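K.L.:
Be aware that the sequence shown starts at 192, since it is given in this note's numbering, and climbs by one per residue.
From the three backbone atoms N, C-alpha and C, an ideal C-beta is built for every residue, glycine too.
In this text, all values refer to a predicted model and were calculated from it rather than measured experimentally.
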Amino acid sequence: MFVKENSCYLYKIWIDNFCAYPPNTAMTSLNRKDLLDIESLTTEEIDLICRNAKYFKEVFTRSVKSVPVLRGKTVCTLFYEPSTRTRLSFELAAKRLSSDLINVAVSTSSVVKGESLIDTVHTLEAMKADYIVIRHAASLAPHFLSRNIKASVINAGDGFHAHPTQALLDAYSILEKKESLKGLRIAIVGDILHSRVARSDIEIFKRLGADITLVGPPTLVPDEFYIYGVKISYSLDDILPQLDVINMLRVQKERQQGAFFPSIREYHRQFALTEERLARCKSDIIIMHPGPVNRGIELSNEVAESPNLIMNEQVTNGVAVRMAIFYLLAGGAVLGDEKEIKED
Ligand code: CP
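#1: Starting from serine 343, trace the beta strand (DSSP E) in both directions and tell me its first and last residue.
#2: Could you check if glutamine 357 belongs to the surroundings of the ligand CP, using beta carbon to heavy atom distance under 8 Å?
#3: Please work out which residues of its chain come closer than 7 Å, Cβ to Cβ, to glutamate 306, disregarding the five sequence neighbours upstream and downstream, and give them in chain order.
#4: Going by other Cβ atoms of all chains shown within 10 Å of its Cβ, with 16 needed for buried, is phenylalanine 193 buried or exposed?
#5: Candidates Ile437, Pro481 and Ala450: which alpha carbon is nearest aspartate 541's?
#6: So, using beta-carbon positions, are aspartate 392 and alanine 347 closer together than 9 Å?
#7: Helix, strand or coil for threonine 216? Go by DSSP, reduced to three states.
#8: Going straight from the alpha carbon of threonine 268 to that of aspartate 429, what length do you get?
#9: For valine 505, count the other beta carbons within 10 Å of its own beta carbon; 16 or more makes it buried, fewer makes it exposed. Which is it?
#10: Could you work out which residue in Val258, Ser330, Arg338 and Gly482 is closest to valine 155 when comparing CA atoms only?
#11: Verify the contact flag: proline 273, CB atom, against every heavy atom of the ligand CP, threshold strictly below 8 Å.
#12: In the DSSP assignment, find the unbroken beta strand (DSSP E) run with leucine 269 in it and report its ends.
#13: For serine 231, count neighbouring Cβ atoms within 10 angstroms of its own Cβ and tell me buried if that reaches 16, exposed if not.
#14: If you draw a straight line from the alpha carbon of glycine 522 to that of glutamate 466, how long is it in whole angstroms?
#15: If I measure Cβ to Cβ from phenylalanine 209 and keep anything under 8 Å in the same chain, skipping five residues before and after, which residues do I get?
#16: Just checking my contact of asparagine 508 with tyrosine 363 at CB under 8 Å: how many whole Å lie between their CB atoms?
#17: For aspartate 402, list the residues DSSP reports as bridge partners.
#18: Specify the secondary structure class of histidine 480 as computed by DSSP and reduced to three states.
#19: Look up lysine 422 in the DSSP assignment and say whether it is helix, strand or coil.
#20: DSSP state of isoleucine 309, grouped into three classes?
#21: Helix, strand or coil for aspartate 435, going by three-state DSSP, please let me know.
#22: So, with DSSP's three-state summary, where would you put isoleucine 393?
#23: Does DSSP put arginine 327 in a helix, a strand or coil?
#24: Give every residue of the same chain whose Cβ lies closer than 8 Å to the Cβ of leucine 315, excluding the five residues on either side of it in the sequence, and list them in chain order.
#25: Distance check for asparagine 499 and valine 260, CA to CA, integer angstroms please.
#26: With leucine 292 as the anchor, note down where its beta strand (DSSP E) starts and where it stops.
#27: In terms of DSSP beta bridges, what is arginine 486 paired with?
#28: Compute the minimum distance between the beta carbon of proline 483 and the heavy atoms of the ligand CP, and state whether it is under 8 Å.
#29: Could you give the residue range of the alpha helix (DSSP H) that holds arginine 338?
#30: Please indicate yes or no: does the CB of histidine 354 lie closer than 8 Å to some heavy atom of the ligand CP?
#31: Within 10 angstroms of its Cβ, does methionine 439 collect 16 or more other Cβ (buried), or is it exposed?
#32: By alpha-carbon positions, which one of Asp291, Leu431 and Pro355 ends up nearest to arginine 262?
#33: Which stretch, first to last residue, makes up the alpha helix (DSSP H) that contains glutamate 457?
#34: Helix, strand or coil: which one does DSSP assign to alanine 353?
#35: How would you call threonine 234, buried or exposed, if buried means at least 16 neighbouring beta carbons within 10 angstroms?
#36: Is it true that the CB of valine 380 sits closer than 9 Å to the CB of valine 406?
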C-alpha cells in the first residue's frame, strides 16, 4: 500500500513540476541496483538524473523541504576516508527523502579492531540497510560490495577511480547555466593523476559532447590520459581565453608519494587561477571546484570570492542530484512492486 501511495505521489510531482519540461516517458527510473560509475550509466540515465535533480532543487525553495519518497527505507553512509561535502550531502538528501539514516563513524567502529569491509557491510545488511553509500581508498571497493550484497550500493568516491555523484552534480551545475555541454570548451586543471573527480568528469563531459583539455604539470597529467580522448596542455595561460568552463582541482598531497613539482609556490605561479588570469578569460566563464579548496594554491583569495565561481551552487546541486539518485534507484523497485500488486 505504501508503495502505491508513493507512486501516486510521485506521479503528482511530475504533473506539478514538469509540465513545461516533460519527463522522458520511455524511462522513469534507474533500472539498476547500484550507482557505481559514470561509464555504466547510459546517456539517457544521466539525462534522467539531471531532470529529476531539477525537480528536487525546486523542493528546496519550499518551506517544507522534505518529501516522503524513502519513508521506511534505511540509508547507511560508510566513509573510510574524510569527507565534508559528499557525506553531508548524501545524509541531507536521505533525510529530505524521509529515510532512516545510519552514519557509521569508521574511526570509532569495529573497523579499527580489524573487521573486514564485507563483514561490516553484512552487519549493516542484517540491520536491514537498503542503501549503502560508501567512500573507500581502494579503487573498485564499491563494485566489489555491489556483487556481494543485496542492498543498493552508491559510490561516494573510490581511490583514484571514480566519483560519479560529483560528476553528475558538476554536469548538472553546468546545465543550469548553459543549454547543453555540446561544444563547450572545458579545462580540468591540476592534479589529474590522483583525481577520481577528474576521471568521472572526463567521462560525463565527453559523453555530453564537451571539448576537454587537461591542464597541469606533465608529472600530474601524464600522456596516458590521451586514451580518454582529451587534449592536454602544460600551460594554463595558452588556453584561458577560449574556455567556457574551468574546473580547478586541489593538489592532493595526501595521495602523492614523491615530488610532482618543485614547490607549491612554483605550482601556484604556473597553474593557479589568479585575478590576473581571470581577467584574460571570457567574462561569463564558469569556474568550478569540487572542494575542498586550498586557498592560495589552486585559487587565489580574490578568485575564491569571484561571482564566476559556482562552488557553493555545486554543493546545493549535490543534494538535489543525490536525492534524484536515491529516488530513481528506489523507483525501479516501486514500479516492480506495483506490477506485482496489480497481478495479484
Ligand atoms: N568534493 C568532495 O568529494 O568533497 P569531500 O571530500 O568533502 O566529500
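P.N.:
This is what the structure gives:
#1: Following the DSSP letters along the chain, one finds serine 343 inside the beta strand (DSSP E) bounded by residues 343-349.
#2: Glutamine 357 Cβ: within cutoff of the ligand CP.
#3: Excluding sequence neighbours, glutamate 306 sits near nothing in its chain.
#4: The predicted model places phenylalanine 193 with a pLDDT of 33, which falls under 50 and marks its position as unreliable, so this point remains unresolved.
#5: Outside the shown range of the chain, which is 192 to 535, sits residue 541, and nothing can be said about it.
#6: Their beta carbons are not under 9 Å apart, which means aspartate 392 does not touch alanine 347 by this criterion.
#7: Any reading at threonine 216 must be qualified, since the residue scores a pLDDT of 49, below 50, and its modelled position is unreliable; no value is offered.
#8: Each residue's alpha carbon lies about 42 Å from the other.
#9: The residue you asked about is not valine; residue 505 is glutamine in the sequence shown. Around the C-beta of glutamine 505, 16 or more other C-beta atoms lie within 10 Å, and the residue is accordingly described as buried.
#10: Any question about residue 155 goes unanswered here, given that the chain covers just 192 to 535.
#11: Yes, Cβ of proline 273 sits closer than 8 Å to a heavy atom of the ligand CP.
#12: Its beta strand (DSSP E) spans residues 265-270.
#13: So serine 231 ends up on the exposed side.
#14: In this structure, the alpha-carbon of glycine 522 lies about 46 Å from that of glutamate 466.
#15: For phenylalanine 209, the predicted model reports a pLDDT of 39, less than 50, meaning its position is unreliable and no value from the coordinates is stated.
#16: Approximately 5 Å separates the beta-carbon atoms of asparagine 508 and tyrosine 363; this is inside 8 Å, confirming the contact.
#17: As computed with DSSP, aspartate 402 is found in a beta bridge with Arg376.
#18: Here histidine 480 sits in coil by DSSP.
#19: DSSP places lysine 422 in strand when its eight states are reduced to three.
#20: DSSP places isoleucine 309 in helix when its eight states are reduced to three.
#21: Aspartate 435: coil per DSSP, three-state reduction.
#22: Three-state DSSP puts isoleucine 393 in a helix.
#23: According to the sequence provided, residue 327 is histidine. The question's arginine does not apply to it. It is a strand residue.
#24: Contacts found: Cys267, Leu269, Ile293, Val295, Ile323 and Ala342.
#25: So the alpha carbons of these two residues sit roughly 34 Å apart.
#26: Note, leucine 292: beta strand (DSSP E), 291-295.
#27: Paired residues: Leu490.
#28: Relative to the ligand CP, the beta carbon of proline 483 is positioned inside 8 Å of a heavy atom.
#29: Segment 332-339, the alpha helix (DSSP H) holding arginine 338.
#30: Under cutoff, so the answer is yes.
#31: Residue burial annotation: methionine 439 is buried, with at least 16 other C-beta atoms found within 10 angstroms of its C-beta.
#32: Of Asp291, Leu431 and Pro355, the residue nearest in Cα terms is Asp291.
#33: From DSSP, the alpha helix (DSSP H) with glutamate 457 extends over 455-462.
#34: Looking at alanine 353 - three-state DSSP - the assignment turns out to be strand.
#35: By the 10 Å Cβ count, threonine 234 comes out exposed.
#36: It is a contact, given that the beta carbons lie within the stated cut-off.
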